[in-house]
Amino acid sequence: MPEKVVKAEEEWRRELSPEEYYVLRLAGTEPPGTGEYLHNEQVGVYRCRACGAELFRSETKFDSHCGWPSFWSPMAGDRVRLLEDRSHGMVRTEVRCSRCDSHLGHVFEGEGYPTPTDQRYCINSIALTFEPAQQAEPDHQSERKA
Numbered sequence: 001m002p003e004k005v006v007k008a009e010e011e012w013r014r015e016l017s018p019e020e021y022y023v024l025r026l027a028g029t030e031p032p033g034t035g036e037y038l039h040n041e042q043v044g045v046y047r048c049r050a051c052g053a054e055l056f057r058s059e060t061k062f063d064s065h066c067g068w069p070s071f072w073s074p075m076a077g078d079r080v081r082l083l084e085d086r087s088h089g090m091v092r093t094e095v096r097c098s099r100c101d102s103h104l105g106h107v108f109e110g111e112g113y114p115t116p117t118d119q120r121y122c123i124n125s126i127a128l129t130f131e132p133a134q135q136a137e138p139d140h141q142s143e144r145k146a
């Protein structure tokens, strides 16, 4: 993983749109069914919108019918941080970018999806950017870990 990105909240506010800031920095959620990558079926890499870190590959994306893009695994375990989230009267596992600590979404386990991990990384589209495969540059660090 590339070196950490640390910025003052004022910098994040200047660099991100109000909607991006709400999700990435305030742990908000975009409305279900509205994200630009919900139905994206192109091959490529999903990156953190705030810092550009490579997080998910299209090969791990699946249609969970939950209203947000779903992945069964991040590119590598060190790409995301998992935190207990007790907001909204429930216990969930929050997913954050390891590089810049931006909120991405939540991960759920044991829902019975036919995936190799039985996990559903439910990620806000607005927290991501997408690079089609022909444009994505190789990530040599993840190749070494594989």
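Sequential numbering from 1 applies to the sequence shown in full-length UniProt numbering.
Just so it is clear, CB atoms sit at the ideal spot from N, CA and C, and this is done for glycine as well.
query = Any idea which residues DSSP pairs G105 with across the strands?
reply = Position 105 of the sequence shown, counting from 1, holds the residue named residue 105. Under DSSP, G105 shares a beta bridge with V95 and I123.
task = Sort V5, L24, K4 and E3 by Cα distance to R13 and report the nearest one.
result = For this step, residue 13 is matched to residue 13 along the sequence shown. Nearest Cα to R13 within the set V5, L24, K4 and E3: L24.
Beta carbon of L128 nearer than 8 Å to that of R47 = In the sequence shown, residue 128 corresponds to position 128, counting from 1. In the sequence shown, residue 47 corresponds to position 47, counting from 1. Taking 8 Å as the Cβ cut-off, L128 and R47 qualify as a contacting pair.
query = Roughly how many whole angstroms lie between the Cα atoms of P32 and F62?
reply = The residue given as residue 32 occupies position 32 in the sequence shown. The residue given as residue 62 occupies position 62 in the sequence shown. Each residue's Cα considered, the two are about 16 Å apart.
message = Pop quiz: Q119 and W72 are said to be a contact at Cβ under 8 Å. What is the actual Cβ separation, rounded to whole angstroms?
response = Taking the sequence shown and counting its residues from 1, one reaches residue 119 at position 119. Taking the sequence shown and counting its residues from 1, one reaches residue 72 at position 72. Indeed, because the Cβ distance is near 6 Å, the residues count as touching under 8 Å.
task = Return the first residue and the last residue of the alpha helix (DSSP H) that L128 is part of.
result = Residue numbering aside, residue 128 sits at position 128 when the sequence shown is read from its first letter. Going by DSSP, L128 is part of no alpha helix (DSSP H) but of the beta strand (DSSP E) stretching over L128 to P132.
ask   = Whose C-beta lies closer than 7 Å to the C-beta of N124 among residues of the same chain, with five residues either side of it excluded?
value = For this step, residue 124 is matched to residue 124 along the sequence shown. Same-chain partners within the cutoff: V23, T29, E30, G35, W68, L104 and G105.
message = I need the boundaries of the beta strand (DSSP E) containing V45, first residue and last residue.
response = Residue mapping note: residue 45 aligns to position 45 of the sequence shown, counting from 1. Where V45 is concerned, the enclosing beta strand (DSSP E) stretches over G44 to C48.
Boundaries (first-last residue) of the beta strand (DSSP E) holding V80 = Taking the first residue of the sequence shown as position 1, residue 80 is located at position 80. For V80, the enclosing beta strand (DSSP E) starts and ends at V80 to D85.
task = Note down the Cα distance separating R144 from E59, rounded to an integer number of angstroms.
result = Mapped onto the sequence shown, residue 144 falls at position 144. Mapped onto the sequence shown, residue 59 falls at position 59. Because R144 carries a pLDDT of 40, less than 50, the predicted location of this residue cannot be relied on, and no value is offered for it.
query = In the structure shown, what three-state DSSP assignment does E54 receive?
reply = Along the sequence shown, read from residue 1 onward, the residue named residue 54 stands at position 54. Residue state, collapsed to three classes: strand.
query = To which residues of the same chain is residue 184 closer than 8 Å at the C-beta, ignoring the five residues directly before and after it?
reply = The structure shown has nothing for residue 184, since the chain only spans 1 to 146.
ask   = S70 bridges to which residues according to DSSP?
value = On the sequence shown, residue 70 is found 70 positions in, with the first residue counted as 1. In the DSSP output, where bridge partners are listed per residue, S70 has F62 and C122.
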